[in-house]
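Residue numbers (numbering that gives the first Met the number 0): 0 to 273.
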Amino acid sequence: MTASINDRREVTIPLTEQRVMRSRAGNEYQISVAKLGEKPPPSGYPVIYLLDANAVFGTMVEAVRVQARRPEKTGVGPAVIVGIGYRTAEPFPPARHYDFTMPVSATELPPRPDGKAWPEHGGAEAFLNFIEEELKPMIEREFKIDRTRQTIVGHSLGGLFVLHALFNKPGAFRTYVAGSPSIHWNKQHILDAERKFVSRLEHENIDVRILLAVGELEKRHKSRVHDNARELSERLSTLASRGVRVEFKEFEGEDHVSVLPALISRAVRFALSR
């Protein structure tokens, strides 16, 4: 006997909503928001701003929703998750290339595997301004947010953008999670920004936490994704006395894409546990 199906309905992610937001620069974003916890802690909700929401927003929401049930065991409590994505079903749409990268000449770009031209790039500064000046104020009008517990999470080119934000506006977030950052894409820019960041620490107090994470199998990546991230973590670890705390994590048996679920789970605990 064949089972009967009487009712089919669209599946949604519990406790979430979506809205479309157009930036002052004219770029359109699909913003996904999840409030996980019936009422905020006295100081307000910690908040995670998640890049590439088209690919991993659901993964992060479920990671928080499940772990927050037993905060005494997991260290994960109520939080607001803000996913920044695009109006498409594609997990990694071309528009991310523009938002996550800094300007660089075509001759400096790495060759694309399929031989085609890369999508437009160079919009990282405008994207960071959008997050700081437009998105954050909107979220803070709607939710009681603890501004001392703000996190940004990105992977690959998103991880590159996280480093851009860290080095150029370190006070924007307390916690920075850069998974498999594509440092090779804008390597000279990142190295220059890192030097300026180190210099400003000589006369500026700071309190930031940084998670740099890669998959073990990324050691084979010709762009040195693994080595670049590890070497950066070693340099930044020397700044502990200046308020910079760094953790480097290698996920066993994972590559550049398969690392994502493990990265999201670790990022949640890194961001939300005190």
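Note that CB positions come from ideal geometry on N, CA and C, so glycine has one too.
N- and C-terminal bounds of the beta strand (DSSP E) containing residue i
| i | result |
| --- | --- |
| residue 31 | 27-35 |
| residue 45 | 44-49 |
| residue 214 | 207-214 |
| residue 247 | 243-250 |
| residue 81 | 78-84 |
Residue j beta carbon less than 8 Å from that of residue i
| i | j | result |
| --- | --- | --- |
| residue 165 | residue 209 | yes |
| residue 170 | residue 160 | no |
| residue 220 | residue 255 | yes |
| residue 78 | residue 30 | no |
| residue 142 | residue 34 | yes |
| residue 45 | residue 271 | yes |
| residue 158 | residue 206 | no |
| residue 91 | residue 54 | yes |
| residue 180 | residue 239 | no |
| residue 251 | residue 213 | no |
| residue 156 | residue 95 | yes |
| residue 197 | residue 269 | no |
| residue 43 | residue 67 | no |
| residue 127 | residue 168 | yes |
| residue 12 | residue 49 | no |
| residue 247 | residue 200 | no |
| residue 40 | residue 74 | no |
| residue 63 | residue 267 | yes |
For residue i, the three-state DSSP class (helix, strand or coil)
| i | result |
| --- | --- |
| residue 143 | coil |
| residue 72 | helix |
| residue 166 | helix |
| residue 202 | coil |
| residue 16 | strand |
| residue 60 | helix |
| residue 114 | coil |
| residue 174 | strand |
| residue 55 | helix |
| residue 154 | strand |
| residue 67 | coil |
| residue 229 | helix |
| residue 268 | helix |
| residue 23 | coil |
| residue 234 | helix |
| residue 194 | helix |
| residue 219 | helix |
Continuous alpha helix (DSSP H) stretch holding residue i: start and end
| i | result |
| --- | --- |
| residue 99 | 94-99 |
| residue 130 | Element bounds for residue 130: n/a, residue is neither H nor E. |
Neighbourhood of residue i by C-beta, 7 Å cutoff - its chain only, sequence neighbours within 5 removed
| i | result |
| --- | --- |
| residue 15 | 31, 32, 33, 60 |
| residue 18 | 30 |
| residue 101 | 121, 123, 163, 185, 188 |
| residue 27 | 19, 21, 86 |
Cβ shell of residue i (< 6 Å), same chain only, five flanking positions each side left out
| i | result |
| --- | --- |
| residue 52 | 31, 82, 83, 84 |
| residue 24 | 125 |
| residue 224 | 179, 217 |
| residue 97 | 119, 120, 122 |
| residue 222 | 183 |
Own chain partners of residue i with C-beta closer than 8 Å, once the 5 adjacent residues on each side are dropped
| i | result |
| --- | --- |
| residue 58 | 259, 260, 263 |
| residue 88 | 53 |
| residue 226 | 218 |
| residue 111 | 117 |
query = Taking one C-beta from the segment 185-203 and one from the segment 139-154 each time, how about it: are there three or more such pairs within less than 8 Å?
reply = At 8 Å Cβ cutoff, the stretches do not touch.
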